[in-house]
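Notes to accompany the following structure.
In my numbering, the protein residues as written are 41 to 199.
Next up, the structure:
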């Protein structure tokens with residue numbers, strides 16, 4: 041899966057991010073796509089349990105990347121330092137993510153159709169939502185108005 045960040049000031053511009061089933065996050069500058077990427081290994085020893093199944097780049101500044109995994113966990117990556125700064129535990133395969141870096145909040149969509157709203161700093165589930173009967177395939181959050189739109193493999197969408 042591929043994502044492109046905004047062009048945050050102060051750390052050299054936009055980035056292109058790629059993640060996959062081997063648990064590795066790769067980052068490139070668009071001008072340097074032919075060069076070797078920076079890589080971050082997130083899988084560790086449990087590689088078979090840590091396939092990256094969802095990826096989101098913070099839309100406000102591009103400084104954080106969230107990686108959802110098969111085992112339900114979500115890694116918060118500092119894109120400037122190329123390090124995992126926090127891991128949020130969970131259950132159920134993560135199938136989609138929405139993230140607010142300024143608020144350090146995320147919404148995690150899971151394979152069962154559930155949604156979990158998290159405060160990352162507090163490591164606390166703020167709300168657990170149901171609205172789908174199959175995997176959540178898309179999320180869009182409007183953090184200021186606390187609105188969330190989701191889509192699912194079951195063909196439904198919820199606002």
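Even for Gly, the Cβ is constructed at its ideal location relative to N, Cα and C.
Query                                                                                                                                       : Result
Roughly how many whole angstroms lie between the Cα atoms of residue 153 and residue 95?                                                    : 18 Å
Can you tell me whether DSSP reads residue 159 as helix, strand or coil?                                                                    : strand
Would residue 137 be called buried (16 or more neighbouring beta carbons within 10 Å of its own) or exposed?                                : buried
When you compare only the Cα positions, how much space is there between residue 178 and residue 191?                                        : 5 Å
Apply the 10 Å Cβ neighbour rule to residue 156 and answer buried if 16 or more other Cβ atoms are within range, or exposed otherwise.      : buried
Find the nearest neighbour of residue 131 within the set 112, 125 and 146, judged by alpha-carbon distance.                                 : 112
Give the secondary structure of residue 63 by DSSP, where H, G and I count as helix, E and B as strand, and everything else as coil.        : coil
Can you have a look at residue 187 and say buried or exposed, based on whether 16 or more other CB atoms are within 10 angstroms of its CB? : exposed
Once the 5 residues before and after residue 182 are set aside, which same chain residues still bring their CB inside 7 Å of it?            : none
What number of angstroms, rounded off, separates the C-alpha of residue 146 from the C-alpha of residue 69?                                 : 25 Å
Ends of the beta strand (DSSP E) at residue 108?                                                                                            : 104–109
Which of the three DSSP states is assigned to residue 154 in this structure?                                                                : strand
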